[in-house]
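Below is one structure, written out as structure tokens; comments come after it.
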Amino acid sequence: MLTFEDYRVVFAAVGLIGVLLFASPTLGLVLHLPGGERFSELWVLGPGHMAEDYPFNVRVNGSYMVYVGVGNHMGSSSYYLVYVKFRNETEPLPNATTGAPSVLAPLYEYRMFLEDGGNSDVPLNFSFSNISFSGNQSAVGSLTINGVPFIVDKSVSWDAVNSGYYYQLFIELWIYSAESDDFQYHNRFVSRWLNMTGI
Amino acid sequence: MLKRVLKGSVSFLLVLVLVGLFSHGVFVVRGADGASSSVGEADVAVRRAFNATLDAERAGANVSGLMAKLNEAGELLAEAETAYRVGNFSEAVGKADQCYMLVDGVIGEASSLKSSALADAQARFSSTLMFSLAGAVVFVTALILIWVLFKPFYAKKLLKMKPEVASNVDV
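Each protein sequence line maps, in turn, to chains B and V. Counted the way numbering that gives the first Met the number 0 counts, the first sequence spans residues 0 to 198. Counted the way numbering that gives the first Met the number 0 counts, the second sequence spans residues 0 to 170.
Quick look at the structure:
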């Protein structure tokens, strides 16, 4: 049988648990538990909104399309800047190790505002003009993105291993930091190799 | 006389052409400067609007409507930046101005949303705190009452118990 002291302890424990239960709604408003991992997504999909049928073999005046998507899991609303850049094999990509963006100037850009958990994708239409081939060299004079023509003047040599003239369209993700009042490279990029096949 | 008039006209035309050429340069430079300044102002306005929206969100406001407006403004700003990059200054100024006008009301709206969200949060906190306090007080009072009633019941139960005599089996 329980002693008087045992009952006292039971009553005190029940009292404490009850008080904590009644206080829990208020504690929930005051205490904020740390959330999950914070990150952003960046992706490229083909013209059918699927990870297939990506443009690869391209030619002059052909029209190509991909979708560029961004997802926000940063724990609050975020302001993203997406840069579209174009390079040949010798020009630098962003450095994933140091988190530095490519030094190449952006051609086209998108700006997106996403709430936490939200995502959005935008069409990226592109075509090439002023293309020339000479010896084992190919040159692209102009790249039109979403109807805006850009002078790019890039040239590549014939890639004997992969049999083609390879250019790369790549997309960098930048995020606005309210603390520094500036955009910072978010250490995410996606790219597509494009083989220039003919005039 | 005619020669003099012709000479004067030619000189005047030459001066006009020179001024025209010089002015063209000035206008082009001013066009680039003006576009740069318009795009810069729109960029700053969008950042301010986003910061205000973020403050409202942190205060607990639903900012979906503001985010939709910011997305429209962001699209215009991106178009303005791209137009500026390719040297289409008039379009850059036009898009930047549209962006500025669109984003102009967002800061005020965000500020009012923040105020109402803070007031709501305060009211919610007060009512929750009242519930917690009242609930805890009622619970503890009830528990004390039960304890007070339980003590004599327990004592009576103890007194009613018959003493048991145990025999010492070892002896």
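Ideal placement from N, C-alpha and C gives every residue a C-beta, glycine not left out.
Please list, in chain order, the chain V residues whose beta carbon lies closer than 7 Å to that of residue i.
i, result
"residue 22 of chain B", "131 and 135"
"residue 180 of chain B", "46"
"residue 177 of chain B", "50 and 53"
"residue 28 of chain B", "124 and 127"
"residue 149 of chain B", "85"
"residue 10 of chain B", "142 and 146"
"residue 78 of chain B", "49"
Assign residue i to one of three DSSP states: helix, strand, or coil.
i, result
"residue 103 of chain B", "coil"
"residue 42 of chain B", "strand"
"residue 73 of chain B", "coil"
"residue 140 of chain B", "strand"
"residue 27 of chain B", "helix"
"residue 156 of chain V", "helix"
"residue 33 of chain V", "helix"
"residue 161 of chain V", "coil"
"residue 178 of chain B", "coil"
"residue 94 of chain B", "strand"
"residue 100 of chain V", "helix"
"residue 33 of chain B", "coil"
"residue 164 of chain B", "coil"
"residue 146 of chain V", "helix"
"residue 6 of chain B", "helix"
"residue 70 of chain V", "helix"
"residue 196 of chain B", "strand"
"residue 171 of chain B", "strand"
Checking 8 Å against the spacing of the C-beta atoms, do residue i and residue j come in under that value?
i, j, result
"residue 18 of chain B", "residue 135 of chain V", "yes"
"residue 189 of chain B", "residue 69 of chain B", "no"
"residue 167 of chain B", "residue 58 of chain B", "no"
"residue 194 of chain B", "residue 56 of chain B", "yes"
"residue 27 of chain B", "residue 74 of chain B", "no"
"residue 47 of chain B", "residue 65 of chain B", "no"
"residue 116 of chain V", "residue 51 of chain V", "no"
"residue 39 of chain B", "residue 123 of chain B", "no"
"residue 71 of chain B", "residue 113 of chain B", "yes"
"residue 176 of chain B", "residue 115 of chain B", "no"
"residue 79 of chain V", "residue 41 of chain V", "yes"
"residue 170 of chain B", "residue 67 of chain B", "yes"
"residue 120 of chain B", "residue 46 of chain V", "no"
"residue 104 of chain B", "residue 184 of chain B", "no"
"residue 38 of chain V", "residue 72 of chain V", "no"
"residue 142 of chain B", "residue 132 of chain B", "no"
"residue 65 of chain V", "residue 108 of chain V", "yes"
"residue 146 of chain V", "residue 3 of chain B", "no"
Anything in chain B within Cβ reach of residue i, meaning under 8 Å, just list it in chain order.
i, result
"residue 100 of chain V", "The premise fails here: residue 100 of chain V is roughly 17 Å from chain B at the closest Cβ pair, so nothing lies under 8 Å."
"residue 80 of chain V", "108"
"residue 158 of chain V", "Simply none; closest approach about 13 Å."
Residue i touches chain V at which residues, Cβ-Cβ below 8 Å?
i, result
"residue 13 of chain B", "142"
"residue 4 of chain B", "None at all; the shortest Cβ gap to chain V is about 11 Å."
Please compile the residues from chain V whose C-beta is within a distance smaller than 9 Å of the C-beta of residue i.
i, result
"residue 25 of chain B", "124, 127, 128, 130, 131 and 132"
"residue 164 of chain B", "The premise fails here: residue 164 of chain B is roughly 25 Å from chain V at the closest Cβ pair, so nothing lies under 9 Å."
"residue 75 of chain B", "53, 56 and 57"
"residue 40 of chain B", "Residues of chain V passing the Cβ test: none, with the nearest at roughly 17 Å."
"residue 114 of chain B", "56, 62, 63 and 66"
Please report the Cβ distance between residue i and residue j, rounded to the nearest whole angstrom; I am assuming they are in contact, meaning their Cβ atoms lie under 8 Å.
i, j, result
"residue 126 of chain B", "residue 62 of chain B", "5 Å"
"residue 152 of chain B", "residue 140 of chain B", "6 Å"
"residue 48 of chain V", "residue 92 of chain V", "Not really, about 20 Å apart at Cβ, beyond 8 Å."
"residue 55 of chain V", "residue 148 of chain V", "The pair is not a contact, with the Cβ atoms about 53 Å apart (cut-off 8 Å)."
"residue 165 of chain B", "residue 192 of chain B", "5 Å"
"residue 186 of chain V", "residue 69 of chain V", "Any property of residue 186 of chain V remains undetermined from this structure, which presents chain V solely from 0 to 170."
For residue i, return the contacting residues in chain B, with the cut-off set at a CB-CB distance below 7 Å.
i, result
"residue 139 of chain V", "14 and 18"
"residue 73 of chain V", "110, 111 and 112"
"residue 179 of chain V", "Because chain V in this structure spans residues 0 to 170, residue 179 of chain V falls outside the shown range and cannot be described."
"residue 69 of chain V", "112"
Residues of chain B with CB under 9 Å from residue i, in chain order?
i, result
"residue 108 of chain V", "By Cβ distance, chain B contributes nothing, its closest Cβ being about 14 Å from residue 108 of chain V, past 9 Å."
"residue 148 of chain V", "Ordered by position in chain B, no residue passes the 9 Å Cβ test against residue 148 of chain V, which lies about 12 Å from the chain."
Legend entry - Touching by the beta-carbon criterion (3+ pairs, under 8 Å), the region 97–112 of chain B and the region 72–86 of chain B: yes
Inset, instruction - Report yes or no: do the region 85–104 of chain B and the region 29–36 of chain V share at least 3 C-beta pairs separated by less than 8 Å? - result: no
Inset, instruction - Evaluate contact between the region 89–98 of chain V and the region 120–130 of chain V, counting only Cβ atoms and requiring at least three cross-stretch pairs below 8 Å. - result: no
Inset, instruction - Give a yes or no on contact between the region 139–149 of chain V and the region 72–85 of chain V, applying the rule of three or more CB pairs nearer than 8 Å. - result: no
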